[in-house]
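Below is one structure, written out as structure tokens; comments come after it.
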Amino acid sequence: MNKSALTLEQKKELIEKKKQKKLVQKLIVGIILSIIILLGSINIIPGLNDLPRQLRFIILFILALPVQAWVGS
1 MNKSALTLEQ KKELIEKKKQ KKLVQKLIVG IILSIIILLG SINIIPGLND LPRQLRFIIL
61 FILALPVQAW VGS
């Protein structure tokens, strides 16, 4: 279908679908990163316990940045 042949309502619907797809994508990324951050915070992830405490906090901080900045926007 030619994009110029779309009606105004169809264009709005297409834009809404794109927005919804982006929001779902942000939600999924946020859930995945949040689970990793949670498990890293309570020392369930194997090998993360062996790292120095400050390094572990830096890694968790780096993982938390996209959750707050990109997913939260």
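Letter by letter, the sequence shown follows residues 1 to 73 in the UniProt record's numbering.
Idealized CB from N, CA, C, for every residue including glycine.
When DSSP states are grouped into helix, strand and coil, Ser41 belongs to the helix group. In chain order, Lys26, Val29 place their CB closer than 8 Å to the CB of Trp70, counting only its own chain and leaving out the 5 sequence neighbours on each side. Taking every protein chain shown into account, the CB of Gly40 has 16 or more other CB atoms within 10 angstroms, so this residue is buried. Boundaries of the alpha helix (DSSP H) harbouring Leu65: 53-66, taken from the DSSP string. Separation of Leu63 and Lys19 (C-alpha to C-alpha, rounded to the nearest whole angstrom) is 24 Å. For Ile37, same chain residues with a beta-carbon under 8 Å away, outside a window of 5 residues either side, are Leu60, Leu63, Ala64, Val67 in chain order.
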